[in-house]
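S.K.: Going line by line, the protein sequences match chains X and A. Position 65 of the first sequence, counting from 1, maps to 65 under the numbering used here, and the rest follow consecutively. Converting from the second sequence to the numbering used here requires adding 1000 to each position, the first position being numbered 1. Beta carbons are placed, not taken as given, at the ideal position from N, Cα and C, and that holds for glycine.
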Amino acid sequence: MSTAAEAAVEQQNTSKTLFGFWVYIMTDCVLFASLFATFAVLRGSTAGGQELFSLPFVLTETLVLLTSSYTAGLGLLAARGRRTNQVLVWFGITMLLGLFFLTMEITEFHKLALEGNSWRRSGFLSAFFTLVGTHGAHITTGLIWMSVMLYKVMRGGVTAVNLKRLTMLSLFWHFLDIIWIFIFTIVYLIGAST
Amino acid sequence: MSKRDEAAHGSLKSYTWGFGLSIVFTLAAYLLAHGRTDGGWSLIYLLAVLAIIQLFVQLVFFLHLGRESRPRWNLTVFGFAFMVVAILVFGSLWIMKNLSYGHQHLPSSQVIVKDEGYQP
Chain X
1 MSTAAEAAVE QQNTSKTLFG FWVYIMTDCV LFASLFATFA VLRGSTAGGQ
51 ELFSLPFVLT ETLVLLTSSY TAGLGLLAAR GRRTNQVLVW FGITMLLGLF
101 FLTMEITEFH KLALEGNSWR RSGFLSAFFT LVGTHGAHIT TGLIWMSVML
151 YKVMRGGVTA VNLKRLTMLS LFWHFLDIIW IFIFTIVYLI GAST
Chain A
1001 MSKRDEAAHG SLKSYTWGFG LSIVFTLAAY LLAHGRTDGG WSLIYLLAVL
1051 AIIQLFVQLV FFLHLGRESR PRWNLTVFGF AFMVVAILVF GSLWIMKNLS
1101 YGHQHLPSSQ VIVKDEGYQP
């Protein structure tokens, strides 16, 4: 087989993998939709609780995650241009921002639990912890994946396989940012102001 | 990088536009809701619209949806997922709203009187 034909086959496999990953992300949307629906239904089942959240704190979380989504995009652009050092810098920044976001989220959970507002207190809080916690679990997975990719790129540079993985990783990261926009709007903004 | 490639994968310009627009919509939603505790349905609708605009901003500028070459399988799957999500969320809310209507802590005889005008 000629190299041109091999490259064409490789290209086709890559686009199939990316499509498969896209289908996974869309089914994950359905998972989050069911948690959002549960939250919306249980929102009234509260023993006092909607006044618990600090909006400036959550705005900071949102802006941090949004910025990390942007830097992940820049990292992917660098990967397309095979600029290894820039890939490491941008995905490194993304990872730090992601860690910062996760720390903020854990701090909030910890504070709520200490004040006696854990998931056991009301239906509203159960739904809140499940929805936001599932998002946090995805973020954690993304961070582990990102650290593995940083190691791989450091070792082997931006190969075709690494580029494919980085493309999927940044898709995943943008998806988590979109889910967070809805958590920010539905849980925090609508929850606190109505 | 060819022109078509750039369209399908995005460029620095498209990412920066997406980032800037997302910040604008996030801050707008925040300022609308901040410090209010008396918002009604109009505020909820407004915030929901802002979130959905931001969803499409990010889908287009970050995920490059709709800019792939034909056949557009990604877009097809997205459309299907969107439909499932809409049915799931609005269906649940609708059903539960009906359920809580029939669940007003009245003795069942009174519910029958109220709903069907039937007097035993």
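With W119 (chain X) as the anchor, note down where its alpha helix (DSSP H) starts and where it stops.
M.R.: It is not in any alpha helix (DSSP H) - W119 (chain X) carries neither H nor E in the DSSP assignment.
S.K.: What are the residues in the region 1030 to 1048 of chain A lying within 9 Å of chain X by C-beta distance?
M.R.: Answer set for the region 1030 to 1048 of chain A: Y1030, L1032, A1033, H1034, G1035, R1036, T1037, D1038, G1039, G1040, W1041, L1043, I1044, L1047 and A1048.
S.K.: Contact criterion: CB-CB distance below 8 Å. Does M26 (chain X) meet it with respect to chain A?
M.R.: Yes - at least one Cβ of chain A is within 8 Å of the one on M26 (chain X).
S.K.: Does A160 (chain X) come within less than 8 Å of chain A when only Cβ atoms are used?
M.R.: No, A160 (chain X) does not count as interfacial toward chain A.
S.K.: Please tell me whether L176 (chain X) and I139 (chain X) are closer than 8 Å, where the distance is taken between their beta carbons.
M.R.: A contact, by the Cβ cut-off of 8 Å.
S.K.: Hey, is I1053 (chain A)'s beta-carbon within less than 8 Å of any beta-carbon in chain X?
M.R.: Closer than 8 Å: no.
S.K.: Is there at least one Cβ from chain A nearer than 8 Å to S34 (chain X)'s Cβ?
M.R.: Closer than 8 Å: yes.
S.K.: Please state whether DSSP places R155 (chain X) in a helix, a strand or coil.
M.R.: Correct three-state label for R155 (chain X): helix.
S.K.: Closer than 7 Å between beta carbons: that is the criterion. Which residues of the region 1062 to 1082 of chain A meet it against chain X?
M.R.: The region 1062 to 1082 of chain A vs chain X, Cβ under 7 Å: F1062, L1063, W1073, N1074, V1077, F1078 and A1081.
S.K.: What in chain A is Cβ-close to G19 (chain X), meaning under 9 Å?
M.R.: Note on identity: in this sequence residue 19 (chain X) is Phe, with Gly being the wrong assignment. Here the neighbours are W1073, N1074 and V1077.
S.K.: From L1065 (chain A) to L114 (chain X), what does the alpha carbon distance come to, in whole angstroms?
M.R.: Cα to Cα, the separation comes out at about 43 Å.
S.K.: Are the C-beta atoms of W22 (chain X) and some chain A residue less than 8 Å apart?
M.R.: Yes, its Cβ sits closer than 8 Å to a Cβ of chain A.
S.K.: Using a C-beta cutoff of 8 Å, does V64 (chain X) count as contacting chain A?
M.R.: No, its Cβ sits nowhere closer than 8 Å to a Cβ of chain A.
S.K.: Just to check my reading of the structure: L35 (chain X) and T134 (chain X) have Cβ atoms closer than 8 Å, yes? What is that Cβ distance to the nearest angstrom?
M.R.: Indeed they touch by this definition, with Cβ atoms about 6 Å apart.
S.K.: Would you grab the beta carbon distance between Y70 (chain X) and Y1015 (chain A) for me? Rounded to a whole angstrom, and I think it's under 8 Å.
M.R.: Sure, about 6 Å apart at Cβ, within 8 Å.
S.K.: Grouping DSSP H, G and I as helix and E and B as strand, with all else coil, what is E1068 (chain A)?
M.R.: Reduced to three states, the DSSP call for E1068 (chain A) is coil.
S.K.: Where V7 (chain X) and V1077 (chain A) are concerned, what is the direct C-alpha to C-alpha distance, given to the nearest angstrom?
M.R.: The sequence given here places Ala at residue 7 (chain X); Val does not occur at that position. For A7 (chain X) and V1077 (chain A), the distance between alpha carbons rounds to 27 Å.
S.K.: Count the other C-beta atoms from every protein chain shown that fall within 10 angstroms of the C-beta of M26 (chain X), then say buried if there are 16 or more, exposed otherwise.
M.R.: Classification of M26 (chain X): buried, given that the 10 Å Cβ count is 16 or more.
S.K.: With distances taken between CB atoms, is the gap from A1033 (chain A) to L189 (chain X) smaller than 8 Å?
M.R.: Cβ atoms of A1033 (chain A) and L189 (chain X): closer than 8 Å.
S.K.: Can you give the Cα-Cα distance for K164 (chain X) and G1091 (chain A), rounded to whole angstroms?
M.R.: Those two C-alpha atoms are separated by around 37 Å.
S.K.: Please state the DSSP three-state secondary structure of S1063 (chain A).
M.R.: Note on identity: in this sequence residue 1063 (chain A) is Leu, with Ser being the wrong assignment. It is coil, neither helix nor strand.
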